[in-house]
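Taken in order, these protein sequences are the chains called U and Z.
With our numbering as the guide, the letters of the first sequence map in order to residues 16 to 257.
With our numbering as the guide, the letters of the second sequence map in order to residues 300 to 402.
Presented below is the structure to which this report refers.
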Amino acid sequence: MKTAREAFLYGWKRGIPIALGYIPVSFTFGFMAVSGGLPAWLVIFISLSNLTSAGQFAGTNLILGGAGFVEIMLTTFVINIRYMLMSLSISQKIEPGMSLAKRMIFAFGITDETFSVASMERGRLSFSYLMGLIAGPIAGWSLGTALGALISKALPESLAMAMGIALYAMFIAIIIPPMKKSKPVIMVVLLSVVITCLLFYIPVFSFISSGFRVIIATITAAAVGARLFPVEEKEEREDDRC
Amino acid sequence: MIDVKYALIAVLLMALVTYIPRVLPVSIVRRQIKSKYIKSFLHYVPFAVLGALTFPEVFYSTGNIITAVAGVVVALILAGREKSLAVVATASILTVFILELFL
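Below, the structure is given as structure tokens:
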């Protein structure tokens, strides 16, 4: 069993690759938002207060287009509904006695990446571990945004276009290693990709927004995976935690 | 120029609807879920989400499908070799950037 300090440092170490991966992606965000006409301080504040990739990209585009508050909230919310699944999943992995205040604090730092890393840990997650895990990514996301926002004018257009792929390259980097180790995971990922592609390319489904596409594909693929490949119980022991 | 007050309110609303789905389940659900099916479902969620977020959008992320496909291939190869997030992201940006110079 680790002390709080050891758990924090271990989490911090696990968060560093995420933080580094965030820099090119958030740089892209900072660059695009300032080029669109938002002041740099507000763009940095978006990253600090939202700490999300797809949702804040979409929301910021709507702001740049002068959309109404309801549309901005709905779109952002729908893209972010997936966090409810992650939050529910994390609720099963944290130390059972964790206080409400602690839950409300670390929940701010749940992202696709911190969630993926946390859920692949062995054993129970302590508050200290979670705070260590989210600290680096929060810093990296804000720092990258600030860099992109401040030097946006000095960047060639072609490099800016190339940076659009950063977010997705990061997703690929997270998902491939576990696929190498588990056939059911490969099946679930492929099924999910096939479903979003069908919804994307078949014209009948074009009324479905990108946020809902992700939700439909996620729920269907995970449900089929759970039915076909139930995960064997591995008892999480109280002393086995990080 | 965009009205800063409008933009700031919009950003705060975005922050709120981003925080709510993160905080609600983990604050409310305090019991261990017993169902093996629900446990397995939750186990597969992160993999399914990342797959659905990436495809097919990634092919339209650079403004040119050919450069995007090349970037994906590089990302897949490096991820297969378990390179870090930063290495994979930077290498695919550079691949797209260099290809754009020739296309």
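Think of the CB as a built atom: it goes at the ideal place given N, C-alpha and C, for glycine as much as any other residue.
{"Query": "When you compare only the Cα positions, how much space is there between Val373 (chain Z) and Lys304 (chain Z)?", "Result": "42 angstroms"}
{"Query": "Buried or exposed: where does Tyr359 (chain Z) fall if 16 or more other Cβ atoms within 10 Å of its Cβ makes it buried?", "Result": "exposed"}
{"Query": "Roughly how far, in whole angstroms, is the beta-carbon of Gly151 (chain U) from the beta-carbon of Ile33 (chain U), given that I think they are within contact range, below 8 angstroms?", "Result": "7 angstroms"}
{"Query": "Taking 8 angstroms as the CB-CB cut-off, is Lys333 (chain Z) touching chain U?", "Result": "no"}
{"Query": "Give me the residue from Z:Leu377, Z:Lys382, Z:Ala369 and Z:Glu381 with the minimum Cα distance to Leu398 (chain Z).", "Result": "Z:Ala369"}
{"Query": "Val322 (chain Z) versus chain U: which residues are under 8 angstroms apart at the beta carbon?", "Result": "Ser102, Arg118, Met119, Ala122 and Phe123"}
{"Query": "So, Ile210 (chain U) versus Ala188 (chain U), is the Cβ gap smaller than 8 angstroms?", "Result": "no"}
{"Query": "Rounded to the nearest angstrom, what separates Thr160 (chain U) and Gly45 (chain U) at their Cα positions?", "Result": "4 angstroms"}
{"Query": "In whole angstroms, give me the CA-to-CA distance for Ala73 (chain U) and Glu86 (chain U).", "Result": "11 angstroms"}
{"Query": "Starting from the C-beta of Phe142 (chain U), find all residues in its chain whose C-beta is less than 7 angstroms away, skip the five residues before and the five after it, and write them out in chain order.", "Result": "Met113, Lys117 and Phe121"}
{"Query": "Taking just the CA atoms, how far does Glu21 (chain U) sit from Ala367 (chain Z)?", "Result": "41 angstroms"}
{"Query": "From U:Gly36, U:Val49, U:Leu24 and U:Leu174, pick the residue whose C-alpha is nearest to that of Thr75 (chain U); which is it?", "Result": "U:Val49"}
{"Query": "List, in chain order, every chain Z residue whose beta-carbon is nearer than 8 angstroms to that of Thr211 (chain U).", "Result": "Gly350, Ala351, Phe354 and Pro355"}
{"Query": "For Val58 (chain U) and Ala164 (chain U), what's the separation of their Cα atoms in angstroms?", "Result": "7 angstroms"}
{"Query": "Under three-state DSSP, which class holds Leu315 (chain Z)?", "Result": "helix"}
{"Query": "Does the CB of Thr18 (chain U) have a neighbour CB from chain Z at under 8 angstroms?", "Result": "no"}
{"Query": "Using three-state DSSP, classify Leu66 (chain U) as helix, strand or coil.", "Result": "coil"}
{"Query": "Please state the DSSP three-state secondary structure of Leu53 (chain U).", "Result": "coil"}
{"Query": "Between the C-alpha atoms of Gly124 (chain U) and Leu162 (chain U), what's the straight-line distance to the nearest angstrom?", "Result": "21 angstroms"}
{"Query": "By the criterion of Cβ-Cβ separation under 9 angstroms, what are the contact partners of Phe365 (chain Z) in chain U?", "Result": "For the record, residue 365 (chain Z) in the displayed sequence is Ile; it is not Phe. Within 9 angstroms Cβ-Cβ: nothing; Ile365 (chain Z) doesn't reach chain U, min ~12 angstroms."}
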